[in-house]
Amino acid sequence: MSRGGYTYILTNKPRGVLYLGVTADLAARMVQHRSGKGSAFARRYGLDRLVLIEHHATIEDAIAREKALKAWRRSWKIELIEQANPEWRDLFEEING
Numbered sequence: 014m015s016r017g018g019y020t021y022i023l024t025n026k027p028r029g030v031l032y033l034g035v036t037a038d039l040a041a042r043m044v045q046h047r048s049g050k051g052s053a054f055a056r057r058y059g060l061d062r063l064v065l066i067e068h069h070a071t072i073e074d075a076i077a078r079e080k081a082l083k084a085w086r087r088s089w090k091i092e093l094i095e096q097a098n099p100e101w102r103d104l105f106e107e108i109n110g
């Protein structure tokens with residue numbers, strides 16, 4: 014039985030550097046990022062603010078969405094974030110609470 018997957022976007026500040034990721038276990042992945050064991054890119058730029066989460070029925074759907082989002086222009090990604098999270102709040106507490 015598939016438990017699905019997530020696409021997510023991290024940043025270091027509103028309209029800052031963006032990192033797009035995909036995972037089956039968002040809470041565990043965020044712990045990796047926050048402890049410096051996530052991606053080297055996220056570690057290099059201090060990307061630990063979770064500003065967008067999208068749940069998908071399957072991990073394959075999540076991977077397809079990540080690939081599509083990575084092809085988007087930066088301005089489109091910012092617009093997507095601001096529609097879902099206009100204050101650029103850190104959503105980590107919502108998944109970890």
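Mapping of the sequence shown onto this note's numbering: residues 14 to 110, in sequence order.
Even glycine gets a Cβ: it sits at the ideal position worked out from N, Cα and C.
Fair warning: this is a prediction, and the values are worked out from it, not measured in the lab.
Counting only the same chain and skipping the five closest in sequence on each side, list residues whose C-beta sits under 7 Å from that of residue i.
| i | result |
| --- | --- |
| residue 55 | 23, 32, 46 |
| residue 58 | 25, 30 |
Can you name the start and end residues of the alpha helix (DSSP H) that residue i belongs to?
| i | result |
| --- | --- |
| residue 79 | 72-84 |
| residue 95 | 87-97 |
| residue 53 | 53-58 |
Once DSSP output is grouped into helix, strand and coil, what is the label at residue i?
| i | result |
| --- | --- |
| residue 106 | helix |
| residue 30 | coil |
Figure out for me which residue from the options has the closest Cα to the Cα of residue i.
| i | options | result |
| --- | --- | --- |
| residue 30 | 77, 91, 16 | 91 |
| residue 93 | 51, 16, 76, 28 | 28 |
| residue 21 | 97, 63, 71, 95 | 63 |
| residue 96 | 71, 67, 34 | 67 |
| residue 34 | 81, 100, 86 | 81 |
| residue 37 | 76, 48, 51 | 76 |
Assuming residue i is part of the beta strand (DSSP E), what are its boundary residues?
| i | result |
| --- | --- |
| residue 62 | 62-69 |
| residue 18 | 18-24 |
Under the DSSP definition of a beta bridge, which residues are partnered with residue i?
| i | result |
| --- | --- |
| residue 44 | In the DSSP output, where bridge partners are listed per residue, residue 44 has none listed. |
For residue i, which residues in the same chain have their Cβ closer than 8 Å to its Cβ, ignoring the five residues on either side in sequence?
| i | result |
| --- | --- |
| residue 74 | 17, 18 |
| residue 98 | 64, 65, 104 |
Go through its chain and collect everything with a Cβ distance to residue i's Cβ below 6 Å, but skip five positions before and after it.
| i | result |
| --- | --- |
| residue 72 | 18, 37 |
| residue 42 | 36 |
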